[in-house]
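Under our numbering, the first residue of the sequence shown carries the number 1, and numbering increases by one thereafter.
Ideal Cβ placement from N, Cα and C applies to all residues, glycine included.
Shown next, in structure tokens, is the structure this report addresses.
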Amino acid sequence: MTQHEVDGATVAADPGPVGPLLASRLTPAPLPEPVLVRPRLLRRLDEGVAGALTLVTAPAGWGKTTLLGSWARSVEPAPAWVSVEAGDPGARLWAYLTAALHPHAPAGDPARPDRLELLAAALAARDRPVLLVLDDVHRVADPAALTGLEFLLRHAGGRLRVVAGARTDPPAGLHRLRLAGELTTVGPAELAFTDDEVADLLVAHGVLLPAAAVPRLRARTGGWAAGLRLAALAARDRPDPVRWLEQFGGDEPDVAGYLRAEVLDPLDAAARDALRRSTVADAVSADLVDALTGRSDAGRALTALAAAGGFVDRDDSRPPWYRCHPLLADLLRAELGELTDEERRDLHRRAADWYAGHARPAEALRHALAAGRWDAAAELLVTGWPDLVPYDREGAGGPVPAAPPEAAVRRDPELALAAAAERAHAGDADAAAAQLRRAAGHARSLPVPRRDRFRRLAVALEVTLARLAGDHDEVRRAAARLLATRTPEGSADDPRTGAADDADVRAAAGAALGLVALSAGDLRGAAAEFDAALAAARAAGRARTELLCASRSALLHAALGELRAAERAAGEALAMPPGQGWSCRTDCAYAHLALAVVALHRDRPDDAEAHLALAGPTADEPAAAALAALCRATLLRDRGDPAAGRRLLAAARDALAPPTTGDGPAPAPTADRSAPAPADGRSGSVLVVDRSGPAWVAGRSASVSAVGRSASAPAGRGGGAGELAAWLLAAEADLRSAHGDADAARELLAGAPGRPDGPAGAAAVALARVELRAGDPAAAARALPRWDGPDAAAWPLPVRLDAGLLDAALAARAGDAQRAGRTLERVLELAADEGFRRPFTRAEPGVRDLLAAHLDSGTAHWPTVSDLVRAAQEPPARPGPAPGPAPDRALDEPLTERELTILRYLQSILSNVEIAAELSLSVNTVKTHVRNIYRKLDATRRREAVRRARELRLI
1 MTQHEVDGAT VAADPGPVGP LLASRLTPAP LPEPVLVRPR LLRRLDEGVA
51 GALTLVTAPA GWGKTTLLGS WARSVEPAPA WVSVEAGDPG ARLWAYLTAA
101 LHPHAPAGDP ARPDRLELLA AALAARDRPV LLVLDDVHRV ADPAALTGLE
151 FLLRHAGGRL RVVAGARTDP PAGLHRLRLA GELTTVGPAE LAFTDDEVAD
201 LLVAHGVLLP AAAVPRLRAR TGGWAAGLRL AALAARDRPD PVRWLEQFGG
251 DEPDVAGYLR AEVLDPLDAA ARDALRRSTV ADAVSADLVD ALTGRSDAGR
301 ALTALAAAGG FVDRDDSRPP WYRCHPLLAD LLRAELGELT DEERRDLHRR
351 AADWYAGHAR PAEALRHALA AGRWDAAAEL LVTGWPDLVP YDREGAGGPV
401 PAAPPEAAVR RDPELALAAA AERAHAGDAD AAAAQLRRAA GHARSLPVPR
451 RDRFRRLAVA LEVTLARLAG DHDEVRRAAA RLLATRTPEG SADDPRTGAA
501 DDADVRAAAG AALGLVALSA GDLRGAAAEF DAALAAARAA GRARTELLCA
551 SRSALLHAAL GELRAAERAA GEALAMPPGQ GWSCRTDCAY AHLALAVVAL
601 HRDRPDDAEA HLALAGPTAD EPAAAALAAL CRATLLRDRG DPAAGRRLLA
651 AARDALAPPT TGDGPAPAPT ADRSAPAPAD GRSGSVLVVD RSGPAWVAGR
701 SASVSAVGRS ASAPAGRGGG AGELAAWLLA AEADLRSAHG DADAARELLA
751 GAPGRPDGPA GAAAVALARV ELRAGDPAAA ARALPRWDGP DAAAWPLPVR
801 LDAGLLDAAL AARAGDAQRA GRTLERVLEL AADEGFRRPF TRAEPGVRDL
851 LAAHLDSGTA HWPTVSDLVR AAQEPPARPG PAPGPAPDRA LDEPLTEREL
901 TILRYLQSIL SNVEIAAELS LSVNTVKTHV RNIYRKLDAT RRREAVRRAR
951 ELRLI
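Following this line, the structure appears as structure tokens:
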């Protein structure tokens, strides 16, 4: 086939009956400048071509063609390339495919069915697979062409590997490849830019942003490649690019034009109207869209748009919920502003009614306020205030409703409280505090029954605002005030007359106190609060609070070693029906983390890994993240990667703030949970009713202002977690000592809180294990605390079991077989009820022999011990000299333990600086040890020292 130039374009001569072929369609398109290489996606395509078909699918502007072009230029030999154009008939497409594949498999004209088999046969006869890139496959209009492509993939003997870019999913025929494991898909979620890629793109365009601004820009654009490039190009010419990018949205002319042309214009009028009306809410279901449009088929438009992905996301709930891309939502809300005020209020009325009828009180309240339905808004607060407490930010988006007018608040002060609750639920603590002060100013003349109710609602908001501000002490004080508002007597039939909601108060206050205790690391205190709040929430019928308490309670019971209670609570949390108007992802993640801890203690690592994969949303809470790190570090150690485990543990320790006072979290103020409100009404609340007259006494009004001011500051993480920090230290020390670095382990544990003569609890048990591994059982016995004494009763059960097994092992090494047997029997008794296995199966060397001997001496747990003996594994030998005669006898001066540790690192490619960082030593200290190692080994450089050490079997 010869070529010539026509109007500057290279075309194929003698192209056959389909007309000339453009060479530009047979080569990758030029990459947009500046070029940004994205290695993670190139690796994804490299992995994909191990199968028959790799499909890159996303709507316009997500970087499909750029990715395919970058990858094609990085592959040797270069793959065949075909760009599909709109309107290509099947014959023309196959003509291009023939031209692209001709150098690899000449087979004549494959447009004829009998020739297609010849092409497949030619490909199958090749020694190596042929790579073919097809860009814009969604433009193929001839189904027979795709059928032919599928035929080739099935009959080319695995010698054709196709990488295709498209805006829509492939037809069902190609999806059959997925069942065979031959289809790899790369969608918008993977094509979306990461924070690091956004930063690289901005630098490439000459735009410098503070590091904190990059994640916000990525969130605003959803990682959309075209939006980010448009933002970067425009920001270069702005005098203040940082401020401009903070305000960047879908109403920017270039972005709006692109979205209208590529996303909105192809839609029919009904679909576009449904999409526009859906942006009245942050996320919508098909039923909600039908309610907003008054039609019964509006949800189909969202389903079709979500199928393409990228601009309308669909979650995996049942029924599914849909969310517009942030920039598209900006544009559609701007179009929504073109409706009349009455039309917009009608949309909000429809939304409020739908949400109220589907147990979504927070969203119903927001839309009732936006629609000006003041009575409905106040009623939602009074009847459903516990369900308006924000435990996460799910559903907090959407337009901000205007504040209620003064006349309406004067008539019904609870309306301002409703506005405060709505703003608090959205995370806007300043606006919430302002509305709370406004409510107080109009509440002086309320009759007695309403004053009681108003006080309760106001104090409940105080609890929320203190939580938003991260002020744990104020949360405790406000929760105590809330408990003091309980009114066990009254009519529960009329919520507008100060009805008794004793269970609601106990549930809300207990949940708040439990969250504070968890954040402060008071695990037992948090478990007690959540258990009590869980019972109250069930009595009150508050499913949202019940789910929160059940999931956290499960995790806490698991951490404390109460595995059966943890399993039960986690199962109850996961069994609760979804779709009740609150997010369950975070709560379910806590339940899965609890089950991961349970599985780990029972030595089921595969189950633990599976549950940990679903526990990601817990990472925002440092205490939960610490427990997840403990699990992951243990699993990494089992897989032979203790260094990664140590890094995880160190990062988790850094995330835990130090305790606020003393050695542990501050105790919560004592509150009598069984007593009603004081008779004089002075509960210490922000708003206290003086029952001697109608005037309000602003007993603590200043605290509302203080909370409002502090809420805008970064939320503190509270007292940090003395017990959790000790667990992390103990785990990290255990990893270091198992790797042969006893000195580093001792140094770590020296900083653990404890007794004047050394660490306590988990840290003391870890120190005993370090000394035993270092070959000093006497030091181990001195370090090991009494695991069966009164002080140990408060230890988590895993710590007691580890201590008991160490005690048994020490007794056996001392030759006291009887005491070793008695101790082991008591440990087995402790472990039996909860089903612990890991302390035995992954214990120190010699425990398996101890268990086997215990079978012969007699035990009440014979079946369990027999099973543990079969399952127990001797842990990998700690790094050090190989078995045999002591090699260091060949040295005039033996290496110290620290020098042996550094010697092992000398085998790696780590520099002295990196070794120092790994061992938490100074660089000068490492250099001194290295000089001593060279001197003792009679070596002059690193490689020679390592060779000499291997000859002496030191490493």
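Cutting at 6 Å between CB atoms, please list the residues of its own chain near residue i, excluding the five before and the five after it.
{"i": "R838", "result": "H601 and D603"}
{"i": "R646", "result": "E732 and L735"}
{"i": "E944", "result": "none"}
{"i": "A80", "result": "A100, L101 and L132"}
{"i": "R496", "result": "With a pLDDT of 45 at R496, under the threshold of 50, the modelled position of that residue is not reliable, and the figure given next carries that caveat. Once the five neighbours on either side are set aside, R496 has no close Cβ partner at all."}
{"i": "E262", "result": "A60"}
Would a C-beta distance cut-off of 7 Å place residue i and residue j closer than the cut-off?
{"i": "A509", "j": "L556", "result": "no"}
{"i": "V186", "j": "V56", "result": "yes"}
{"i": "A301", "j": "A274", "result": "yes"}
{"i": "A416", "j": "R423", "result": "no"}
{"i": "L134", "j": "V82", "result": "yes"}
{"i": "A370", "j": "A364", "result": "no"}
{"i": "L574", "j": "A591", "result": "yes"}
{"i": "G223", "j": "A192", "result": "yes"}
{"i": "A793", "j": "L767", "result": "no"}
{"i": "A378", "j": "D412", "result": "yes"}
{"i": "W787", "j": "R769", "result": "no"}
{"i": "A633", "j": "L649", "result": "yes"}
{"i": "A52", "j": "L153", "result": "yes"}
Give the DSSP-derived three-state secondary structure of residue i in the structure shown.
{"i": "A80", "result": "strand"}
{"i": "R538", "result": "helix"}
{"i": "W321", "result": "strand"}
{"i": "D412", "result": "coil"}
{"i": "A164", "result": "strand"}
{"i": "L891", "result": "coil"}
{"i": "L468", "result": "helix"}
{"i": "L209", "result": "coil"}
{"i": "S285", "result": "strand"}
{"i": "L26", "result": "helix"}
{"i": "G514", "result": "helix"}
{"i": "L36", "result": "coil"}
{"i": "D791", "result": "helix"}
{"i": "R314", "result": "strand"}
{"i": "P390", "result": "coil"}
Below 7 Å CB to CB, which residues in the same chain sit around residue i once its five sequence neighbours on both sides are set aside?
{"i": "H929", "result": "R898, E899 and I902"}
{"i": "A779", "result": "E771"}
{"i": "L850", "result": "A808, A809, A812, A820 and L824"}
{"i": "A466", "result": "E474, V475, A478 and V707"}
{"i": "V75", "result": "L131"}
{"i": "R314", "result": "A306, P320 and Y322"}
{"i": "V214", "result": "D195, V198 and A199"}
Assuming residue i and residue j are in contact, meaning their beta carbons sit under 8 Å apart, how far apart are those beta carbons, in whole angstroms?
{"i": "A232", "j": "H205", "result": "4 Å"}
{"i": "L810", "j": "T859", "result": "With 8 Å as the limit, L810 and T859 do not qualify as a contact, their Cβ atoms being about 20 Å apart."}
{"i": "D200", "j": "L230", "result": "That belief does not hold up - the Cβ atoms of D200 and L230 are roughly 17 Å apart, past 8 Å."}
{"i": "P28", "j": "R92", "result": "So it is not a contact: roughly 20 Å between Cβ atoms."}
{"i": "L336", "j": "F311", "result": "That pair is no contact at about 17 Å."}
{"i": "L656", "j": "L724", "result": "6 Å"}
Rounding to the nearest angstrom, what Cα-Cα distance links residue i and residue j in this structure?
{"i": "S922", "j": "A916", "result": "6 Å"}
{"i": "G740", "j": "L748", "result": "14 Å"}
{"i": "R218", "j": "A359", "result": "33 Å"}
{"i": "T983", "j": "P188", "result": "There is no way to answer for residue 983, as the model of the chain reaches only from 1 to 955."}
{"i": "R773", "j": "A843", "result": "12 Å"}
{"i": "V516", "j": "P622", "result": "12 Å"}
{"i": "A376", "j": "A403", "result": "15 Å"}
{"i": "A532", "j": "A507", "result": "8 Å"}
Could one say the Cβ of residue i lies closer than 7 Å to chain D's Cβ atoms, at least one of them?
{"i": "A569", "result": "Going by chain labels, chain D is absent from the structure shown, which holds only one protein chain."}
Quick one: does the C-beta of residue i sit closer than 6 Å to a heavy atom of the ligand SAH?
{"i": "D428", "result": "Among the components modelled here there is no ligand, and therefore nothing to report on the ligand SAH."}
Apart from the five residues just before and just after residue i, which ones in its own chain have a Cβ nearer than 8 Å to its Cβ?
{"i": "R236", "result": "H205, G206 and V207"}
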